[in-house]
Every structure is written in C-alpha cells, then in structure tokens.
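Engineer: Quick one: the structure is below, questions incoming.
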Amino acid sequence: MAFESHNNAENKVEEKLQSMGEEKKDEVLTSFETFKSYLGDKVSKGEKLGMNEEQLAKTAQKVADYLADHESARNREEKLLQELWKVGNEEEQHKLAHMLVKMVQ
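Just so you know, we're using full-length UniProt numbering here: the sequence shown kicks off at 1 and counts up by one.
Pasting the structure below:
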C-alpha cells in the first residue's frame, strides 16, 4: 500500500509542476533561496506523509528531471545544478537528489 501511495505521489509531482502557473514558477525559481524554501516545504510535507529519504530523493529526482527538461535556469545556482544534472548519469543524478533533500531538511 505504501509503495502504491508513493507511486501515486510521484505521478502527482509531475502533474503539479505542469499545472503550476508561470507567475508561481517565476516566484519560486527566480531566487535560489526561495527555491530552497519551496523545496524544503515540500520535503517537510513528504516527511509528514511518512516518506523516507529514498522516497523523497526519488521525488526530488522527478522534480529535477522536469526542471532540466522544461525550465531555464534563472540564477547562477540553478544554472550550476542544471549543468551538473545534465552531465550526470542516472546514479549521479539520484545522489544529487539525495544531497538536495539533505540540503533543505
């Protein structure tokens, strides 16, 4: 049941990102501090839903995949993350997702 719930949560992540208005995306992505705060809030909510670090990292990986494919970096920090994401293989991206989760916890 928890696995099914997690897969459902992953699918909702992409739906939510796609449905987020441009104004909200700009608000979250313009400042790296705002992005970290937004991500930290989502990680906190995931923890309250019982997601463990691995599940949180997989969700963060899904968010990063979406951002790398659909959004342009809006500051130096995001540009660096985007470049690291693009050159990394799937294992490296997963490790980076773990580090992002740890950074905002």
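We put the CB at the ideal spot given by N, CA and C, even for glycine.
#1: In the DSSP assignment, find the unbroken alpha helix (DSSP H) run with Glu77 in it and report its ends.
#2: Pairing CB atoms from the stretch 66-82 with CB atoms from the stretch 25-36, are three or more of them under 8 angstroms?
#3: I need the straight-line Cα distance from Lys12 to Thr59, nearest angstrom please.
#4: How long is the line joining the alpha carbons of Asp65 and Met99, rounded to whole angstroms?
#5: Measuring alpha carbon to alpha carbon, tell me which of Lys16, Thr30 and Met20 ends up nearest Ser72.
#6: May I have the straight-line CA-CA distance separating Ser44 from Ala57, to the nearest angstrom?
Structural biologist: Working from what's here:
#1: Here residue 77 refers to the residue found at position 77 when the sequence shown is read from its first residue. Element bounds for Glu77: Arg76 to Val87.
#2: yes
#3: Indexing the sequence shown from 1 puts residue 12 at position 12. Indexing the sequence shown from 1 puts residue 59 at position 59. Near 10 angstroms, if we compare the C-alpha coordinates of Thr59 and Lys12.
#4: The residue you call residue 65 lines up with position 65 of the sequence shown. The residue you call residue 99 lines up with position 99 of the sequence shown. Between Asp65 and Met99, the C-alpha separation is close to 15 angstroms.
#5: Sequence index remark: in the sequence shown, residue 72 carries index 72 (1-based). Out of Lys16, Thr30 and Met20, Thr30 has the C-alpha closest to the C-alpha of Ser72.
#6: Taking the sequence shown and counting its residues from 1, the one referred to as residue 44 is at position 44. Taking the sequence shown and counting its residues from 1, the one referred to as residue 57 is at position 57. Taking the straight line joining both Cα atoms gives about 13 angstroms.
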